[in-house]
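Participant: Attaching a single structure in structure tokens format; questions to follow.
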Amino acid sequence: MNSAPEKIAIAIVTFNRSTYLKELLASAAAMDTPPFKIVVVDNASTDDTQDVLAAAIKDFPEGLVINHRLDTNTGGSGGFSEGTKVALEQGADWVWLMDDDVEILPDALEQFAPWMQRFKVIHGRRYDFDGTPFYWQAKFNEFLGVPLPYSGKQFGREGYAVTNSGTFEGMLISADIVRKIGLPDPRFFISWDDAAYAWLAAQHTDVVYVDAFVLKRKREQKQVNLGIRHLNDGSPLFRFHVIRNRAYVGKYFAEYGKLNRVGFGIGTALTLAKEVFRLVVVQHTLKGLGDLARGFRANRALWRDKSWRPMDPADVPAQLTNDR
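Counting from 1 along the sequence shown, just add 1 to a position and that's the residue number in our numbering.
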């Protein structure tokens with residue numbers, strides 16, 4: 002059996018889903034190889050999350066679980082930015098980012114171990130809530146500025162596929178890469194943050210999707226199976242941010258000289274069309290059109306913001322010289 006490196010920190014972001022968090026932490030306690038640290042970022046939950054967390058911590062060695070509660074809800078983006086920062090402050094060599102509505106498979110770190118010798122940003126496979134393999138294989142089309150499913154077999158002979166997109170539902174990233182590209186950008190709040198972060202990483206290293214199951218998704222969602230991908234339902238917050246945050250993606254593309262304004266505009270139009278399709282086909286309503294319109298107005302305002310700067314790698318905690 003492959004042994005996993007010692008300093009993998011799990012960064013979990015949670016908000017008002019204490020039942021899922023309890024199940025996730027129980028799965029973490031049952032891992033064959035325990036992580037170096039578990040950082041739980043509580044995004045100002047108003048339910049019994051803190052009570053659940055206090056009880057769950059007793060199942061771990063002292064100091065392994067860090068309860069990091071925020072005063073305000075910073076969205077998934079802010080939570081993952083903060084979780085990554087705290088993990089690196091603790092001395093982690095790797096950060097495994099995940100939402101609260103997943104379950105960790107017992108041998109997850111052993112499954113990751115051989116890949117960590119070769120790559121710096123890794124996505125393992127996930128089971129869906131019904132136990133079937135969850136389909137995820139997205140890659141940025143840089144002309145359009147949108148991640149699209151890539152065709153063909155998911156994995157080559159060696160058991161991995163190179164991508165340039167990502168998800169915070171299971172992205173494992175080396176601290177070395179975080180120090181090159183900066184922390185996850187909290188300004189996204191939700192949507193596009195993980196895809197854009199993996200794209201940034203892909204400008205410096207290979208980002209891969211490996212044929213190794215490490216997580217199971219727990220939350221059931223309304224969805225339509227389109228064959229090449231599943232389309233889930235979306236919230237008003239999601240609809241607003243998925244359009245607004247296109248501006249952030251475009252600005253990062255421009256920083257690396259990869260922005261094609263015509264193509265990116267087409268990509269934004271396609272994104273808008275997809276969200277209208279989602280409303281009609283998955284949610285059977287048009288009531289969310291106002292959210293998309295507000296998002297588009299905010300998108301235009303962000304494009305005009307000349308003060309915007311990318312995340313600064315200088316803000317990433319320095320590597321510790323001594324083991325903890």
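Glycine residues also receive a C-beta, built at the ideal position from the N, C-alpha and C atoms.
Starting from the Cα of glycine 64, find the closest Cα among Val41, Val53, Asn74 and give me that residue.
Facilitator: The residue given as residue 64 occupies position 63 in the sequence shown. It is Val41.
Participant: Give the C-beta separation of tyrosine 253 and alanine 197 to the nearest angstrom, bearing in mind that I take them to be a contact with Cβ-Cβ under 8 angstroms.
Facilitator: Against the sequence shown, residue 253 aligns to sequence position 252. Against the sequence shown, residue 197 aligns to sequence position 196. Their Cβ separation, rounded to whole angstroms, is 6 angstroms, which keeps tyrosine 253 and alanine 197 in contact under 8 angstroms.
Participant: Cα separation between tyrosine 136 and arginine 218?
Facilitator: Mapped onto the sequence shown, residue 136 falls at position 135. Mapped onto the sequence shown, residue 218 falls at position 217. Cα to Cα, tyrosine 136 sits roughly 12 angstroms from arginine 218.
Participant: Just to confirm before moving on: does the CB-CB distance between glycine 76 and phenylalanine 190 stay below 8 angstroms?
Facilitator: Against the sequence shown, residue 76 aligns to sequence position 75. Against the sequence shown, residue 190 aligns to sequence position 189. Yes, Cβ-Cβ distance for glycine 76 and phenylalanine 190 is below 8 angstroms.
Participant: Apart from the five residues just before and just after alanine 73, which ones in its own chain have a Cβ nearer than 7 angstroms to its Cβ?
Facilitator: For the purposes of this step, residue 73 is taken as residue 72 along the sequence shown, with counting starting at 1. Looking at the sequence provided, one finds threonine at residue 73 rather than alanine. Cβ neighbours of threonine 73 beyond the five flanking positions: Ala45.
Participant: Just tell me which of Asn261, Pro185, Leu287 has its CA closest to the CA of glycine 84.
Facilitator: By 1-based counting over the sequence shown, the position of residue 84 is 83. That would be Pro185, whose Cα lies nearest to the Cα of glycine 84.
Participant: Which of the three DSSP states is assigned to phenylalanine 190 in this structure?
Facilitator: Within the sequence shown, the letter at position 189 stands for residue 190. Correct three-state label for phenylalanine 190: coil.
Participant: Would the region 155 to 164 and the region 289 to 301 be scored as touching if the rule is three or more Cβ pairs under 8 angstroms?
Facilitator: Touching, no, given that fewer than three Cβ pairs across the two stretches are closer than 8 angstroms.
Participant: Please state if the CB of isoleucine 244 and the CB of leucine 110 are separated by a distance shorter than 8 angstroms.
Facilitator: Translated into the one-based positions of the sequence shown, residue 110 becomes position 109. Translated into the one-based positions of the sequence shown, residue 244 becomes position 243. No, these two residues do not count as a Cβ contact at 8 angstroms.
Participant: Jot down the residue ranges of each uninterrupted alpha helix (DSSP H) in the region 242 to 289, minimum 4 residues, whole runs only, in chain order.
Facilitator: For the region 242 to 289, whole alpha helix (DSSP H) runs of length 4 or above, ordered along the chain, are 247 to 256, 262 to 278.
Participant: Restricting to Cα atoms, I'd like to know which of Ile39, Glu256, Thr34, Leu260 is closest to valine 87.
Facilitator: Looking up residue 87 in the sequence shown gives position 86. Among Ile39, Glu256, Thr34, Leu260, the Cα nearest to that of valine 87 is on Ile39.
Participant: By the 10 Å Cβ neighbour count, where 16 or more other Cβ atoms means buried, how is valine 281 classified, buried or exposed?
Facilitator: Counted from its first residue, the sequence shown places residue 281 at position 280. The residue is exposed, with fewer than 16 neighbouring Cβ atoms inside 10 Å.
Participant: Can you find the residues in the same chain that come closer than 6 angstroms, C-beta to C-beta, to arginine 295, ignoring five residues on each side of it along the sequence?
Facilitator: Taking the sequence shown and counting its residues from 1, one reaches residue 295 at position 294. Within the same chain, arginine 295 has close Cβ partners Phe241.
Participant: What three-state label does DSSP hand lysine 154 in the structure shown?
Facilitator: For the purposes of this step, residue 154 is taken as the residue at position 153 of the sequence shown. Lysine 154 falls in the coil class under three-state DSSP.
Participant: Hey, is the region 307 to 322 in contact with the region 260 to 267, meaning 3+ C-beta pairs nearer than 8 angstroms?
Facilitator: Not touching, per the Cβ criterion.
Participant: Roughly how many angstroms separate the alpha carbons of isoleucine 67 and leucine 98, rounded to a whole number?
Facilitator: The residue labelled residue 67 in the question sits at position 66 within the sequence shown. The residue labelled residue 98 in the question sits at position 97 within the sequence shown. Distance between the alpha carbons of isoleucine 67 and leucine 98: 14 angstroms.
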